[in-house]
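What follows is a short report on a single structure.
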Amino acid sequence: QVQLVESGGGLVQPGGSLRLSCVASGFTFSNYAMTWYRQAPGKERELVAAISSDGGSTNYAGSVKGRFTISRDNAKNTVYLQMNSLQPEDTAVYYCNAGRRFSWGQGTQVTVSS
825 QVQLVESGGG LVQPGGSLRL SCVASGFTFS NYAMTWYRQA PGKERELVAA
875 ISSDGGSTNY AGSVKGRFTI SRDNAKNTVY LQMNSLQPED TAVYYCNAGR
925 RFSWGQGTQV TVSS
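Spelled out as structure tokens, the structure:
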């Protein structure tokens, strides 16, 4: 069955950086565009970034453009989210998926606080 396992979250000070990873299994990873979403307490899950199946095209939410970078390694069935210049409003649980196609994983908590 499909599994999406996110990791790399943690507590970081404002202005800091984190790199999230998501290892996928149970489907042909290289055939799917992949996405990162986040959900802050009391808010709806929102799309953060997307990357095409071959990695050649990326898109970002306006709130993270210029600070976050999505990438993928199809040989490792892994999608990454490099997050720089983190701000308190980036605090959320971060999830990966192929759009919203599959069941959600457990996510990884990112907390930005001094």
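For the sequence shown, the positions run 825 to 938 when the working numbering is used. Built from N, CA and C at the ideal position, the CB exists for glycine as well.
Residue i, DSSP secondary structure in three states
i      : result
Glu830 : strand
Phe926 : coil
Glu870 : strand
Reference residue i, options the options, closest by Cα
i      : options                        : result
Phe853 : Thr902, Gly834, Ser881         : Thr902
Glu913 : Gln827, Ser887, Tyr904, Asp897 : Ser887
Ser845 : Ser937, Gly931, Val936, Ser938 : Gly931
Gly929 : Gly834, Leu835, Gln863         : Gln863
Leu835 : Pro865, Ala916, Ser927         : Ala916
Ser831 : Cys920, Ala874, Phe926, Arg924 : Cys920
Gln911 : Gln837, Arg924, Ser877         : Gln837
Glu870 : Ser877, Asp878, Tyr861         : Tyr861
Beta-carbon gap between residue i and residue j smaller than 9 angstroms
i      : j      : result
Ser849 : Gln827 : yes
Any non-hydrogen atom of the ligand MN within 8 angstroms of residue i CB
i      : result
Gln911 : The model on display carries no ligand, and the ligand MN is accordingly not part of it.
Residue i burial status per 10 Å Cβ neighbour count (16 or more: buried)
i      : result
Gly833 : buried
Ala899 : exposed
Arg896 : buried
Straight-line Cα distance separating residue j from residue i
i      : j      : result
Thr935 : Gly923 : 24 angstroms
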